[in-house]
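> Residue numbers (our numbering): 102 to 464.
Note that beta-carbon positions come from the ideal geometry of N, C-alpha and C, so glycine has one too.
On a predicted model such as this, the values are computed, not experimentally measured, just so you know.
Have a look at this one.
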């Protein structure tokens, strides 16, 4: 039979993540098996679609691309999958994808499963889809339990914090190790705040911004929120914790950047209301930082750059928790403009004016 008279088909392959692309039943091996099936059936493969996405949802990039392709062609295609689990590992997602393929007039096909539209066929398919969902949920449960157990035993299991990198250790799994030069820079910043060398979080920000190797945003700034996170994470003191799993601070197996005693000093300092001193080197970008106070609680306002939809904005805001104006931002140009207007309206009293004249004459 000539290729023009062979029924057209597309191949859909899926793995759960990028790591599985070349492991086990990866994308290449799935596609090979599907092509062999198409050859036996006399189908003409016209396109392939690959996803490295979870099977928990039907909202996947390659699925969208495939559906758009099939709708554009406006003729029936066979959609070949290596196995029923490649469609989805969730009953709802499986049903949605099957319905989408059927709605546009195409048909599912697989070397591992015979798709049927009779009651017995649909029942068998639903049972298999349910078993795949159950398998996914059990795998997730087992993974979570293993993570909880590792944290309870002192191993860090979350995304690597800046200053550390993961390495595989035989018999112990992935473990954190110092990642230079970031580890040394962070240690100096934390020790400096614990000892009082840095009088405020803003000074830690300025210290980190002055380190050429330290990562910054595209405007060359270190965000205030980033420093707040650094100061409050026990991982830098060689500890692990998982409050959401009811696991308190536990001695970890990774190297500490600072001592636990200094970590506690930092937490004590953070609890004390900071007073911004007058500084000669205060940032010219925020001249009113530490000068103006919050209307609601009287706390001196801090400042930073905040990311908007299309650009960064300079803002002042109150950082005192439980204040009605907590984290409510005021644009720099608005606050400093109002401040300038007030200054222009000020007039010295007769007594102050007389005192100034007397001092001038005396000088």
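Using a 10 Å radius around the Cβ and a threshold of 16 neighbouring Cβ atoms, would you call residue 309 buried or exposed?
As a working note, residue 309 is residue 208 in the chain shown. Buried.
> Which residues mark the beginning and the end of the beta strand (DSSP E) in which residue 465 is found?
There is no way to answer for residue 465, as the model of the chain reaches only from 102 to 464.
> By the DSSP assignment, the beta strand (DSSP E) with residue 182 in it spans what residues?
Mapped onto the chain shown, residue 182 falls at position 81. Taken as a continuous stretch (DSSP letters only), the beta strand (DSSP E) holding residue 182 covers 179-182.
> For residue 248, list the residues DSSP reports as bridge partners.
Numbered from 1 along the chain shown, position 147 holds the residue referred to as residue 248. According to DSSP, residue 248 bridges with nothing at all.
> To which residues of the same chain is residue 400 closer than 8 Å at the C-beta, ignoring the five residues directly before and after it?
Working through the chain shown from its first residue, we reach residue 400 at position 299. Excluding sequence neighbours, residue 400 sits near 374, 394, 419, 420, 421 and 424.
> So which of 117, 145, 417 and 223 has the shortest CA-CA distance to residue 386?
Counting from 1 along the chain shown, the entry for residue 386 is found at position 285. Of the candidates 117, 145, 417 and 223, the one whose C-alpha sits nearest the C-alpha of residue 386 is 417.
> Keeping to the same chain, check which residues put their C-beta closer than 7 Å to that of residue 349; ignore five residues upstream and five downstream.
Residue mapping note: residue 349 aligns to position 248 of the chain shown, counting from 1. Contacts found: 342.
> Just to confirm, are residue 171 and residue 214 a CB contact at a threshold of 7 Å?
The residue labelled residue 171 in the question sits at position 70 within the chain shown. The residue labelled residue 214 in the question sits at position 113 within the chain shown. Cβ atoms of residue 171 and residue 214: not closer than 7 Å.
> Can you tell me whether residue 396 is buried or exposed, with buried defined as 16 or more other CB within 10 angstroms of its CB?
Start at 1 with the first residue of the chain shown, and residue 396 comes out as number 295. Residue 396 comes out exposed.
> Return the chain-ordered list of same chain residues with a C-beta closer than 8 Å to the C-beta of residue 465, the five sequence neighbours on each side being excluded.
Past the boundaries of the shown model lies residue 465; the chain is included only from 102 to 464, so the question cannot be answered.
> Taking C-alpha atoms, which residue in 229, 175 and 164 lies nearest to residue 197?
Within the chain shown, residue 197 is the residue found at index 96, counting from 1. The candidate whose alpha carbon is nearest that of residue 197 is 164.
> Between which two residues does the beta strand (DSSP E) carrying residue 270 extend?
If you number the chain shown from 1, residue 270 lands on position 169. Run containing residue 270: 265-270, per the beta strand (DSSP E) assignment.
> I'd like to check one pair, residue 159 with residue 182: are the Cβ atoms closer than 7 Å?
Counted from its first residue, the chain shown places residue 182 at position 81. Counted from its first residue, the chain shown places residue 159 at position 58. Taking 7 Å as the Cβ cut-off, residue 182 and residue 159 do not qualify as a contacting pair.
> Relative to the C-alpha of residue 256, which residue among 355, 369 and 463 is closest?
By one-based count along the chain shown, residue 256 stands at place 155. Minimum Cα distance to residue 256 is reached at 355.
> When the distance is taken between beta carbons, is residue 332 closer than 7 Å to residue 359?
In the chain shown, counting from the first residue as 1, residue 359 sits at position 258. In the chain shown, counting from the first residue as 1, residue 332 sits at position 231. No, the Cβ-Cβ distance between residue 359 and residue 332 is not below 7 Å.
> Report the rounded CA-to-CA distance for residue 346 versus residue 142, giving the unit in angstroms.
Your numbering for residue 346 matches position 245 in the chain shown. Your numbering for residue 142 matches position 41 in the chain shown. Their Cα atoms are separated by approximately 52 Å.
> With DSSP as the reference, label residue 298 as helix, strand or coil.
If you number the chain shown from 1, residue 298 lands on position 197. Residue state, collapsed to three classes: coil.
> Report all residues from its chain with a CB closer than 6 Å to the CB of residue 293; omit the five preceding and five following residues, and keep chain order.
Sequence index remark: in the chain shown, residue 293 carries index 192 (1-based). If we look at residue 293 and ignore the five residues flanking it on each side, its Cβ neighbours are 299.
> Judging by CA-CA distance, which residue of 254, 408 and 353 is the nearest neighbour of residue 318?
On the chain shown, residue 318 is found 217 positions in, with the first residue counted as 1. Of 254, 408 and 353, the residue nearest in Cα terms is 408.
> Bridge partners for residue 421 per DSSP, in chain order?
Here the question's residue 421 lines up with position 320 in the chain shown. In the DSSP output, where bridge partners are listed per residue, residue 421 has none listed.
> In the DSSP assignment, find the unbroken beta strand (DSSP E) run with residue 410 in it and report its ends.
Walking along the chain shown from the start, residue 410 turns up at place 309. It is not in any beta strand (DSSP E) - residue 410 carries neither H nor E in the DSSP assignment.
> Going by alpha carbons, who is nearest to residue 264 out of 273, 316, 247 and 227?
Stepping through the chain shown from its first residue, residue 264 is reached at position 163. With distances taken between Cα atoms, residue 264 lies closest to 316.
> By the DSSP assignment, the beta strand (DSSP E) with residue 278 in it spans what residues?
Locating residue 278 in the chain shown gives position 177, where the first residue counts as 1. 274-279 is the extent of the beta strand (DSSP E) around residue 278.
> Ordered along the chain, which non-local residues of its own chain (more than five positions away) have a Cβ less than 8 Å from that of residue 223?
Here residue 223 refers to the residue found at position 122 when the chain shown is read from its first residue. Around residue 223: 217.
> Which value, in whole angstroms, describes the spacing of the CA atoms of residue 106 and residue 131?
Taking the chain shown and counting its residues from 1, the one referred to as residue 106 is at position 5. Taking the chain shown and counting its residues from 1, the one referred to as residue 131 is at position 30. Those two C-alpha atoms are separated by around 25 Å.
> Return the CA-CA distance between residue 234 and residue 113, expressed in angstroms with no decimal places.
Taking the chain shown and counting its residues from 1, one reaches residue 234 at position 133. Taking the chain shown and counting its residues from 1, one reaches residue 113 at position 12. The alpha-carbon atoms of residue 234 and residue 113 are separated by roughly 19 Å.
> How long is the line joining the alpha carbons of residue 189 and residue 157, rounded to whole angstroms?
Your numbering for residue 189 matches position 88 in the chain shown. Your numbering for residue 157 matches position 56 in the chain shown. For residue 189 and residue 157, the distance between alpha carbons rounds to 6 Å.
> Between which two residues does the alpha helix (DSSP H) holding residue 196 run?
Against the chain shown, residue 196 aligns to sequence position 95. Note, residue 196: alpha helix (DSSP H), 192-204.
> According to the neighbour-count rule (16 or more other Cβ atoms, all chains shown, within 10 Å of its Cβ), is residue 337 buried or exposed?
Reading the chain shown from its first residue, position 236 is the one you call residue 337. With 16 or more other Cβ atoms within 10 Å, it is buried.
> Taking the CB atoms as reference points, tell me whether residue 109 and residue 178 lie closer together than 7 Å.
For the purposes of this step, residue 109 is identified with residue 8 of the chain shown, where counting begins at 1. For the purposes of this step, residue 178 is identified with residue 77 of the chain shown, where counting begins at 1. Yes. Within cutoff.
> When the Cα of residue 389 is compared with those of 369, 432 and 398, which residue comes out closest?
Working through the chain shown from its first residue, we reach residue 389 at position 288. Residue 389 has its Cα closest to that of 432, out of 369, 432 and 398.
> Terminal residues of the continuous alpha helix (DSSP H) containing residue 329?
As a position in the chain shown, residue 329 is number 228, starting the count at 1. Where residue 329 is concerned, the enclosing alpha helix (DSSP H) stretches over 325-333.
> Please report the Cβ distance between residue 166 and residue 150, rounded to the nearest whole angstrom; I am assuming they are in contact, meaning their Cβ atoms lie under 8 Å.
Residue numbering aside, residue 166 sits at position 65 when the chain shown is read from its first letter. Residue numbering aside, residue 150 sits at position 49 when the chain shown is read from its first letter. That pair is a contact at about 6 Å.
> Please tell me whether residue 230 and residue 192 are closer than 7 Å, where the distance is taken between their beta carbons.
Sequence index remark: in the chain shown, residue 230 carries index 129 (1-based). Sequence index remark: in the chain shown, residue 192 carries index 91 (1-based). In this structure, residue 192 lies closer than 7 Å to residue 230 by Cβ.
> By the three-class DSSP mapping on this structure, what secondary structure does residue 404 have?
Within the chain shown, numbered from 1, the residue matching residue 404 stands at position 303. Three-state DSSP puts residue 404 in a strand.
> Expressed to the nearest angstrom, what Euclidean distance is found between the alpha-carbon atoms of residue 205 and residue 111?
As a working mapping, residue 205 is identified with position 104 in the chain shown. As a working mapping, residue 111 is identified with position 10 in the chain shown. Approximately 14 Å, taken between the alpha carbons.
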